[in-house]
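**Q** 222 is the number that the UniProt record's numbering gives to position 222 of the sequence shown; each next residue is one higher, with no gaps. Glycine included, each C-beta is placed from N, C-alpha and C at the ideal position. Sending over a structure as structure tokens; questions will come in a sec.
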Amino acid sequence: MPLRASTKFAIVVFKNYTLKNGKQAVELVPRSWLYENQYTWFCVYPPSNDYKFVSDWVKSEKDPDIDWIAYELELLKEARNYEQGMRRLEKSFEVGDISSSDMDEHIGNGVDAPQRVLESAEAEFELDELPPPPVLEKPAPTNSRKRANEVEVIETEEPVNKKSRALITKKDLEELETNLSKKINRIKANIQYDLREFLKNLNMNMPIFGGCRGANSSDVPFFCARGISTIR
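Structure below.
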């Protein structure tokens, strides 16, 4: 049975559970606490350590938390707002039939009225005895879920700590500095060699005014070795 679009609250009876006095447990809950699965309605309900907040959470229509427990239930009556829901809940304590409207006169028909789950402090402990929530079948994954499941998970190595990263960085810098220094020295040596060769060649090819120096042809410039005098 789908809920009406205007429904914001519902009066529910927890199935397969009765209080110690033998009566049913009934409660007013927000629509957001309800869900349907395979034509069966369920209610997610706070754990026992949060019972003291239930009244405020119901009134404020709090969204359920992920650790809440699911219970199978029967929908008794729907309500447009919190005030209407409370009126119908109070009537459910007086008579067994609460399916009629607010303006109807209720006449007891011999059926014991259900009792609210949190009617007394004792009920808080009774709820601890509720059966575990049913195991629901997971819906078939949609295309988007399939794509998400097919994404390959890449395992990363355990990151090194900050101290290790600092040592590695320092070592890398030292190696870089050493390599640069070697390259600079090599370039510098090449430049010095080229400069010396250039000056040597320049000195050998420079004319010597006043004659050729040396007696041997091997000790004089090329043009002097051929007997060409620079003196006219």
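Based on the DSSP secondary-structure assignment, which residues constitute the bridge partners of VAL12?
**A** GLU27, LEU75
**Q** May I ask you to list the residues that DSSP assigns as paired with ASN37?
**A** THR40
**Q** Once DSSP output is grouped into helix, strand and coil, what is the label at THR18?
**A** strand
**Q** Taking Cβ positions, are LEU28 and GLY85 nearer each other than 8 Å?
**A** yes
**Q** Rounded C-beta distance between LEU89 and ILE11? I'm assuming under 8 Å.
**A** Rounded to whole angstroms, the Cβ separation of LEU89 and ILE11 is 5 Å, and the two are in contact under 8 Å.
**Q** Alpha carbon to alpha carbon, how far is LYS20 from ALA70?
**A** 21 Å
**Q** On the three-state DSSP scale, how would you describe ILE187?
**A** helix
**Q** Relative to the C-alpha of TRP33, which candidate in LEU176, VAL54, ASN205, ALA25 has its C-alpha closest?
**A** Cα-wise, what sits closest to TRP33 is VAL54.
**Q** Mapping DSSP to helix, strand and coil, what is VAL153?
**A** With a pLDDT of 44 at VAL153, under the threshold of 50, the modelled position of this residue cannot be trusted; read the value that follows with caution. Note: VAL153 maps to coil in three-state DSSP.
**Q** How many angstroms separate the CA atom of residue 235 from the CA atom of ALA189?
**A** Because the chain in this structure spans residues 1 to 232, residue 235 falls outside the shown range and cannot be described.
**Q** Kindly list the residues whose CB is nearer than 6 Å to the CB of PHE14, restricted to its own chain and excluding five residues on each side of it in sequence; keep chain order.
**A** ALA25, TYR71, LEU73
**Q** Suppose you measure from the CA of TYR193 to the CA of THR169; what does that come to, to the nearest Å?
**A** 36 Å
**Q** To which residues of the same chain is TYR82 closer than 7 Å at the C-beta, ignoring the five residues directly before and after it?
**A** PHE9, LYS59
**Q** Just the Cα atoms here: how many angstroms apart are THR7 and TYR39?
**A** 18 Å
**Q** Among PHE42, LEU202, TRP68, ASP63, which residue has its Cα nearest to the Cα of SER48?
**A** TRP68
**Q** Would you kindly work out how many angstroms separate the C-alpha atoms of ARG186 and LEU202, rounded to a whole number?
**A** Between ARG186 and LEU202, the C-alpha separation is close to 24 Å.
**Q** Between the Cα of ILE66 and those of ASP56, GLU78, TYR45, spot the shortest distance and give me the residue it belongs to.
**A** TYR45
**Q** Let me check understanding here. Comparing Cα to Cα, which of PHE198, ARG31, ILE191 lies closest to residue 244?
**A** As displayed, the chain neither begins before 1 nor continues past 232, which places residue 244 out of reach and without an answer.
**Q** On a CA-only basis, which of THR178, ASN205, SER92 is nearest LYS23? Give me that one, please.
**A** SER92
**Q** When you compare only the Cα positions, how much space is there between CYS43 and ASN37?
**A** So the two alpha carbons sit approximately 11 Å from each other.
**Q** Quick one: what's ALA5 bridged to in DSSP?
**A** According to DSSP, which records beta bridges pairwise, ALA5 is partnered with nothing at all.
**Q** Please name the residue or residues paired with TYR45 in a DSSP beta bridge.
**A** Per DSSP, ILE69.
**Q** So, with DSSP's three-state summary, where would you put ASN205?
**A** Correct three-state label for ASN205: coil.
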